[in-house]
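Since the structure comes first, as structure tokens, the remarks are kept for the end.
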Amino acid sequence: MTVAVFFGCAFIAFGPAFSLFIFTIAKDPLRVIILIAGAFFWLLSLLLSSLVWFIATKASNADDTSLQRGLLIFGVIFSVLLQEVFRYGYYRLLRKANEGLAAISEDDNSTISVQQMAYGMACTNL
């Protein structure tokens, strides 16, 4: 029974993400590379924001609950803003890569479609 519950919960939890990966990304190796690079940028932003929050909490008074609550709010806002900065940087990197690939490409069509990076457009174009 435990194994059945484990697999049932795993399929419920990871099924939608796995099906999106299989139907939209796995067919094209360039999209797999873009997915892994995007995940790396996201993890890097989380690492930096957690490092800032860790330093801020260790440098402050641990007994002051209102200060700790304020630091938590600061950490969340800083994390969201840093993720958006990294997302914009990743977008700029993709645009530069797209321009470079278009320059060396023999045909005129783009190798990376920015519109297809959104899952909604990628699913409707299949």
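Sequential numbering from 1 applies to the sequence shown in full-length UniProt numbering. A virtual CB, placed ideally from N, CA and C, is assigned to each residue, including glycine.
Return helix, strand or coil for residue i, following the three-state DSSP convention.
i: residue 84; result: helix
i: residue 99; result: helix
i: residue 62; result: coil
i: residue 17; result: helix
i: residue 7; result: helix
i: residue 49; result: helix
i: residue 79; result: helix
i: residue 39; result: helix
Quick check: what's the CA-CA separation for residue i versus residue j?
i: residue 8; j: residue 31; result: 29 Å
i: residue 131; j: residue 11; result: A question about residue 131 goes unanswered here, because the residues of the chain that appear run from 1 up to 126.
Relative to the C-alpha of residue i, which residue among the options is closest?
i: residue 38; options: 93, 107, 60; result: 93
Assuming residue i and residue j are in contact, meaning their beta carbons sit under 8 Å apart, how far apart are those beta carbons, in whole angstroms?
i: residue 48; j: residue 57; result: Wrong, their Cβ atoms sit about 15 Å apart, outside the cutoff.
Touching by the beta-carbon criterion (3+ pairs, under 8 Å), the stretch 36 to 55 and the stretch 81 to 97: yes
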